[in-house]
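Residue numbers (this note's numbering): 56 to 368.
Think of the CB as a built atom: it goes at the ideal place given N, C-alpha and C, for glycine as much as any other residue.
Below is one structure, written out as structure tokens; comments come after it.
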């Protein structure tokens, strides 16, 4: 039995690595699709996706079409004669002509507990909304956006974890789901569940600046933004005139810090918000490396002794 994998970011790379270790013995991974190399970060060099790095290290053929709508790309996939196509955060739409190619269908590991959070940023939206858990579902792919029946749903509690930590925990669960699927598909014994359309929510992609921190927001809202943040979508603010991305923070039980003020007390950097205080544990000043809050404050005597303003310019 022949399988093709499609994915791009670290989450998908973790899933691919897991499949390479656990693929059922009657299945063969014959090719990997990923987005083309792209300029990432500040350098101008093209950088391969995390999935491409894993696939090449395993000696697998890697294909990077710009679109799957082209007849040439569809013919190339058809020539691989896949029985299934497994997808995880590929970042490219699969047209109906592609969905029809594999004999047993196309299946997606979607990082949500469907039907909640269909769409591009399910883990991030769940965290920002205050959901207690996030999860992953293996679903049938069809023309609609994450509308297909699903199976093998599993979740983990959010607690105080970052989005990156949660995605790393969800990847092995996706591997479990894919492996169960591949074992059951030939016999037709997959326990599919129809999505309840009355419970659907949409996880729109994060917009630029959406995670900026604000003294006018609550302590909980600001901390959620920090935990969701990544290099691509930082939780930015200005403190004592310095632009920085906050990379680690928690709600504090400290009192007496006014909204919009930053204090250094008990070797802790505290930000006052609309309804309380957050402790900033680490931050990345613009143009510098990430550092602990104590290290940042060490070079700012005005902040340490008298406090300073924080917010957004």
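Asked, Found
"Using the rule of at least 16 other Cβ atoms within 10 Å of the residue's Cβ for burial, across every protein chain shown, is residue 183 buried or exposed?", "buried"
"Suppose you measure from the CA of residue 235 to the CA of residue 337; what does that come to, to the nearest Å?", "41 angstroms"
"For residue 230 versus residue 62, is the C-beta distance shorter than 8 angstroms?", "no"
"Could you tell me if residue 367 is buried or exposed, where buried requires 16 or more neighbouring beta carbons within 10 angstroms of its beta carbon?", "exposed"
"With respect to the alpha helix (DSSP H) encompassing residue 307, which residues constitute its N-terminal and C-terminal limits?", "That residue, residue 307, is in no alpha helix (DSSP H); its beta strand (DSSP E) goes 297-307."
"Would you list, in sequence order, the uninterrupted beta strand (DSSP E) runs of no fewer than 3 residues that lie entirely inside the region 185-253?", "188-195 and 205-212"
"Would you say residue 138 and residue 157 are within 8 angstroms of each other, going by their C-beta atoms?", "yes"
"Return the bridge partner residues of residue 320 from the DSSP annotation.", "323"
"Kindly indicate which residue of 248, 261 and 344 has the alpha-carbon position closest to the one of residue 180.", "261"
"Can you find the residues in the same chain that come closer than 7 angstroms, C-beta to C-beta, to residue 363, ignoring five residues on each side of it along the sequence?", "294, 295, 317 and 357"
"For the 8 angstroms Cβ check, are there 3 or more pairs between the region 222-229 and the region 289-308?", "no"
"Please name the residue or residues paired with residue 364 in a DSSP beta bridge.", "316"
"Can you check which of these residues, 154, 275 and 114, is closest to residue 128 by C-alpha distance?", "154"
"Tell me whether the region 242-262 and the region 331-348 touch, counting them as touching only if at least three CB pairs, one residue from each stretch, are closer than 8 angstroms.", "no"
"Less than 8 angstroms between the beta carbons of residue 106 and residue 92, yes or no?", "no"
"So who's on the other strand from residue 163, going by DSSP bridges?", "142 and 194"
"Confirm, please, whether the CB-CB distance from residue 202 to residue 250 is below 8 angstroms.", "yes"
"Report all residues from its chain with a CB closer than 7 angstroms to the CB of residue 111; omit the five preceding and five following residues, and keep chain order.", "117"
"Please check the pair residue 280 and residue 290, which I expect to be a contact at CB under 8 angstroms, by giving their CB distance rounded to whole angstroms.", "5 angstroms"
"Name the DSSP beta bridge partners of residue 352, please?", "Its beta-bridge partners do not exist; DSSP assigns none."
"What's the gap between the Cα of residue 346 and the Cα of residue 71?", "33 angstroms"
"In whole angstroms, what is the alpha-carbon distance linking residue 131 and residue 245?", "29 angstroms"
"With a 10 Å radius around its C-beta and 16 neighbouring C-beta atoms as the bar for buried, classify residue 100 as buried or exposed.", "exposed"
"For residue 298, which residues from the same chain have a beta carbon less than 6 angstroms from its beta carbon, with the 5 sequence-adjacent residues on both sides left out?", "341"
"So which of 232, 228 and 189 has the shortest CA-CA distance to residue 212?", "189"
"Among 271, 104 and 343, which residue has its Cα nearest to the Cα of residue 314?", "271"
"Hey, could you find the ends of the beta strand (DSSP E) residue 340 is sitting in?", "332-340"
"In angstroms with no decimal places, state the Cα-to-Cα distance between residue 144 and residue 64.", "7 angstroms"
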